[in-house]
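Visitor: Residue 414 in this note's numbering is what sits at position 322 of the sequence shown, and the numbering runs on without skipping anything. All C-beta atoms, glycine included, are put in the ideal place defined by N, C-alpha and C. All values reported here derive from a predicted model rather than from experimental measurement.
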Amino acid sequence: MAKKEGMRWNLDEILPAKKFDELWKEIEQDISKYDFFLPKFSPEMDRDGFVAFMKFDEKIIEKLARLGGMPCLWESTDQKSQEAKLLKSKAEDLVLRFSNKTRKISLWLQGKEIDGFVRLDDKNAERLFKTLPALQYGMMYSRKLARHTLLENEEKIITEKDMTGAGVLVDLRELIETEFCFKFKPKGKKEKIFNNAAELLKHVYSKNANEREAACNSLLEKYKENIDKFFMVYQAIVKDWRYDYERRGYESAIQVRNIGNHVPDKAIEVLLDVCRTNRDVYQRYFRFKAKELGMKRLRRHDIYAPLKIAKDEKISYEESKKLVLSTFDEFSKGFGEKARRIINDRHIDSHPRQNKRGGAFCLTLMPSIAPYVLLNYTHTARDVSTMAHELGHGIHSLYAAHLPMAAQHANLPLSETASTFGEMVVFEKMLEKAKNDKVRKAMLSDKMADSFATILRQAYFVMFEKKAHEAVRKGITAEQLSGLYMEMLKEQFGDSVDISPIYRYEWARIPHIVATPFYCYAYNFGELLSMALFARYKKEGVGFVPKIEKVLSYGGSEDPDKGLKEIGVDMCSREFWEGSFEIVRGWQEKLEQY
Ligand SMILES: [Zn+2]
């Protein structure tokens, strides 16, 4: 860009770098003051004493967030900065000391038996927690989670054994992967060797079908060659997961994840089933895409192929900012105001540059400081969506800025509400304003492909995992497990896509399936929930906006299920989730009109 545009963020509001040492020392002294509070903890302690402690605790946590947040954000824009790394590691040391000091109190609050203390029973816990209504839900919930923890010594043994057991298996799996060399040879071209998957994966989005095919085959060939090793690792992880959850008193393998995510089991069951029964909308998209690309049927490696219709239009950063802000203003005054605050406080780092990390995120440190947003703006329509999405996260935090720090963040089910709303309203505005139908068609096609990847594909990963965990319990071979995966692919794509046999080994390359079982639904849960809410907004109109704002202002202080019920939404009902697919169907129908 000839003219300078965009913005770098100002971190001084968190902590000027030269004040780091001073604050470090201050916190070090604060930590020693916990000794003063320790003897006061008993089930009968008075409410004023409890409130005084919680206020003291919050102040220190805020200071720690400043101390750790500043170098973290700094490092994300300059990954080579030795100074940022040094400060980050100094802050981490102090956080460790802090958690060692406060561990006993946290465990006591969770209702655990602690040496030298009388256990905090439910009745007294409620009596004390009621003094801080905003924290009550979170604190009671952590007591619920704590019921699944074991005795202190048992936990210690598990942690140690995990370090040399399951933890090593996950690392070993990664090590096998990083040693892969990929032979990339599209038909009629010379062979190239890639040493890492990222280089190879770029060709999955290539305009050239031979390149896409060669990239996919070359990648999966490696997993096929090593399938016995990947299976051995996976089988052990699955068994470990089972021994662990059974001992901890969970009812099912997936329940561990659901409880951690504040999601009722039933909601996930219904969600997965609704995804499954709506798979035809994506199949319809793939058939449409085949026609667009002049093919009878897509092959699996064609599904992310670009449509050859429109050149990407460049959108300047200023234009994008204007569009996002005016669209937010139209949707709700609160959205517009809050987004402006983030921008006016200079809390955005907008453009890519050397040593800055990729991607985008929004970081909320505490209620008194507006959230920070990192972007890598490159002037595409997708970047405008990302800006709306990340500002949405920031807006959400600002709606909840009246709460104490520990309750500001929404829990998983609602964590994508404002971001998805922001993205949706801006996407609709961009469609409306697009120069012509060709641009609209390209935008909608990208939207369908993206939503397939984040919604249906992830849902099928989780459905596969449910079956895989069951199958491992009964006993299964590597080939049988791969066969199970293939069956799920066939169901997912129906007859809309040809799937070559090598795809049966694809499961082995999905790291989350091994490292964090059942995590994949988290990718789509929040988004789908917000899309379903968006569908309600489309039906009810502006009257729905204050309801959404109310839910946003709960942050993490309210049970998500209860908060949603207050605005007439039941996340365990099929009908509610169907709403999100009405939106997806709407995109596909529009796409077919162009
Ligand atoms: Zn998000």
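Say yes only if the C-beta of Ser168 is nearer than 8 Å to one or more non-hydrogen atoms of ligand 1, and no if none qualify.
Guide: Here the question's residue 168 lines up with position 76 in the sequence shown. No.
Visitor: Considering only their Cβ atoms, is the gap separating Val676 from Val373 smaller than 9 Å?
Guide: Here the question's residue 373 lines up with position 281 in the sequence shown. Here the question's residue 676 lines up with position 584 in the sequence shown. It is a contact, given that the beta carbons lie within the stated cut-off.
Visitor: Find the nearest neighbour of Gly280 within the set Glu271, Leu292, Asn302 and Asn287, judged by alpha-carbon distance.
Guide: Here residue 280 is taken as the residue at index 188 of the sequence shown, counted from 1. The shortest Cα separation from Gly280 among Glu271, Leu292, Asn302 and Asn287 belongs to Asn302.
Visitor: Could you compute how far the alpha carbon of Gln171 sits from the alpha carbon of Lys448?
Guide: Reading the sequence shown from its first residue, position 79 is the one you call residue 171. Reading the sequence shown from its first residue, position 356 is the one you call residue 448. Taking the straight line joining both Cα atoms gives about 6 Å.
Visitor: Please give the ranges of any alpha helix (DSSP H) in the segment 211-274, keeping only runs that are unbroken, at least 4 residues long and fully inside the region.
Guide: 214-221, 225-238, 244-256 and 258-270, all fully within the segment 211-274.
Visitor: Quick check: does the Cβ of Gly575 come within less than 8 Å of any heavy atom belonging to ligand 1?
Guide: Position 483 of the sequence shown, counted from the first residue, corresponds to residue 575. Result no, Cβ not under 8 Å from ligand 1.
Visitor: Compute the Euclidean distance between the alpha carbons of Thr456 and Ser489, then round it to the nearest angstrom.
Guide: On the sequence shown, residue 456 is found 364 positions in, with the first residue counted as 1. On the sequence shown, residue 489 is found 397 positions in, with the first residue counted as 1. Answer to the nearest angstrom: the Cα atoms are 7 Å apart.
Visitor: If contact is defined by three or more beta carbon pairs under 8 Å, each pair taking one atom from either stretch, is the segment 417-426 in contact with the segment 635-643?
Guide: Yes: at least three Cβ pairs fall under 8 Å.
Visitor: Mapping DSSP to helix, strand and coil, what is Ile461?
Guide: Along the sequence shown, one-based indexing puts residue 461 at 369. Of the three classes helix, strand and coil, the one that applies to Ile461 here is strand, per DSSP.
Visitor: Ordered along the chain, which non-local residues of its own chain (more than five positions away) have a Cβ less than 8 Å from that of Thr546?
Guide: By 1-based counting over the sequence shown, the position of residue 546 is 454. Excluding sequence neighbours, Thr546 sits near Tyr615, Asn616 and Glu619.
Visitor: Leaving out five residues before and five after Pro444 in sequence, what residues of the same chain have Cβ atoms less than 8 Å from its Cβ?
Guide: As a first step, residue 444 is located in the sequence shown; it is residue number 352 there, counting from the start. Result list for Pro444: Gly450, Asn468, Tyr469 and Thr470, in chain order.
Visitor: Let me check understanding here. Comparing Cα to Cα, which of His439, Asp437, Leu495 and Glu411 lies closest to Asp695?
Guide: Outside the displayed range of the chain (93 to 686) lies residue 695, so it cannot be described from this structure.
Visitor: Three-state secondary structure (DSSP) at Lys284?
Guide: Here the question's residue 284 lines up with position 192 in the sequence shown. Note: Lys284 maps to strand in three-state DSSP.
Visitor: Any idea what DSSP makes of Asp590, helix, strand or coil?
Guide: Residue mapping note: residue 590 aligns to position 498 of the sequence shown, counting from 1. DSSP places Asp590 in strand when its eight states are reduced to three.
Visitor: Taking 9 Å as the cut-off, decide whether the C-beta atoms of Asp653 and Pro505 are in contact.
Guide: Translated into positions along the sequence shown, residue 653 becomes position 561. Translated into positions along the sequence shown, residue 505 becomes position 413. Yes, these two residues count as a Cβ contact at 9 Å.
Visitor: Below 6 Å CB to CB, which residues in the same chain sit around Ser564 once its five sequence neighbours on both sides are set aside?
Guide: As a position in the sequence shown, residue 564 is number 472, starting the count at 1. In the sequence as displayed, the identity of residue 564 is Val instead of Ser. For Val564, where only same-chain residues beyond five positions count, the Cβ hits under 6 Å are Gln327 and Val330.
Visitor: Does ligand 1 have even one heavy atom less than 8 Å from the beta-carbon of His240?
Guide: The count along the sequence shown starts at 1 and reaches residue 240 at position 148. Because no heavy atom of ligand 1 lies under 8 Å away, the Cβ of His240 does not count as near it: no.
Visitor: Can you give me the Cβ contacts of Leu363 inside the same chain, cut-off strictly under 6 Å, excluding the 5 residues immediately before and after it?
Guide: Start at 1 with the first residue of the sequence shown, and residue 363 comes out as number 271. Only Trp669 meet the Cβ criterion.
Visitor: Regarding Gly618 and ligand 1, is the C-beta to nearest heavy atom distance less than 8 Å?
Guide: Here residue 618 refers to the residue found at position 526 of the sequence shown. For ligand 1, at least one heavy atom lies less than 8 Å from the Cβ of Gly618.
Visitor: State the Cα-Cα distance for the pair Lys525 and Asp394, rounded to the nearest angstrom.
Guide: As a working note, residue 525 is residue 433 in the sequence shown. As a working note, residue 394 is residue 302 in the sequence shown. Each residue's Cα considered, the two are about 30 Å apart.
Visitor: For the alpha helix (DSSP H) that Leu159 lies in, which residues bound it at each end?
Guide: Walking along the sequence shown from the start, residue 159 turns up at place 67. Its alpha helix (DSSP H) spans residues Arg139 to Thr169.
Visitor: Excluding sequence positions up to five away, which residues of its chain have a Cβ less than 8 Å from the Cβ of Leu201?
Guide: For the purposes of this step, residue 201 is identified with residue 109 of the sequence shown, where counting begins at 1. Here the set comprises Leu212, Ala217, Met231, Ser234 and Arg235.
Visitor: Ligand 1 heavy atoms versus the CB of Ser511: any closer than 8 Å?
Guide: Start at 1 with the first residue of the sequence shown, and residue 511 comes out as number 419. Under cutoff, so the answer is yes.
Visitor: Examine the Cβ distances between the segment 489-500 and the segment 512-525 and report whether three or more of them are shorter than 8 Å.
Guide: Cβ pair count under 8 Å is below three, so no.
Visitor: Should Ser507 be counted as a contact of ligand 1 given a C-beta to heavy atom distance under 8 Å?
Guide: As a working note, residue 507 is residue 415 in the sequence shown. Yes - ligand 1 has a heavy atom lying nearer than 8 Å to the Cβ of Ser507.
Visitor: Leaving out five residues on either side along the sequence, give the residues of the same chain with a beta carbon under 7 Å from the beta carbon of Lys132.
Guide: If you number the sequence shown from 1, residue 132 lands on position 40. Excluding residues within five positions, the ones whose Cβ falls inside 7 Å are Gly141.
Visitor: Do you know offhand how far Tyr613's Cα is from Cys367's?
Guide: On the sequence shown, residue 613 is found 521 positions in, with the first residue counted as 1. On the sequence shown, residue 367 is found 275 positions in, with the first residue counted as 1. Looking at the two C-alpha atoms, the distance is approximately 11 Å.
Visitor: So for Arg100, helix, strand or coil by DSSP?
Guide: Within the sequence shown, the letter at position 8 stands for residue 100. Three-state result, Arg100: coil.
Visitor: Taking only the alpha-carbon atoms, compute the straight-line gap between Glu429 and Glu120 and give it to the nearest angstrom.
Guide: As a working mapping, residue 429 is identified with position 337 in the sequence shown. As a working mapping, residue 120 is identified with position 28 in the sequence shown. Each residue's Cα considered, the two are about 38 Å apart.
Visitor: Taking three-plus beta-carbon pairs below 8 Å as touching, is the segment 621-640 in contact with the segment 279-297?
Guide: Counting Cβ pairs under 8 Å, fewer than three are found: no touch.
Visitor: Only counting the same chain, and skipping five residues up and downstream in sequence, which positions put a Cβ closer than 7 Å to that of Ile440?
Guide: Numbered from its first residue, the sequence shown carries residue 440 at position 348. Cβ within range, chain order: Met99, Trp101, Ile434, Val465 and Leu467.
Visitor: Measure the alpha-carbon distance for Ser408 versus Phe420 and round it to whole angstroms.
Guide: For this step, residue 408 is matched to residue 316 along the sequence shown. For this step, residue 420 is matched to residue 328 along the sequence shown. Cα to Cα, Ser408 sits roughly 18 Å from Phe420.
Visitor: Could you tell me whether the Cβ atoms of Glu515 and Gly484 are closer together than 9 Å?
Guide: As a working note, residue 515 is residue 423 in the sequence shown. As a working note, residue 484 is residue 392 in the sequence shown. Yes; because the gap between Cβ atoms is below 9 Å, this pair is in contact.
Visitor: Thinking Phe544 and Trp599 are a contact (beta carbons under 8 Å), I'd like their distance in whole angstroms, please.
Guide: Your numbering for residue 544 matches position 452 in the sequence shown. Your numbering for residue 599 matches position 507 in the sequence shown. About 18 Å; that fails the 8 Å criterion.
Visitor: Report all residues from its chain with a CB closer than 7 Å to the CB of Tyr577; omit the five preceding and five following residues, and keep chain order.
Guide: Looking up residue 577 in the sequence shown gives position 485. Correct list, in chain order: Phe556, Arg596, Glu598 and Trp599.
Visitor: Which whole-angstrom value is the C-beta distance of Val554 and Phe610, which I expect to be below 8 Å?
Guide: For the purposes of this step, residue 554 is taken as residue 462 along the sequence shown, with counting starting at 1. For the purposes of this step, residue 610 is taken as residue 518 along the sequence shown, with counting starting at 1. Correct: roughly 6 Å between the Cβ atoms.
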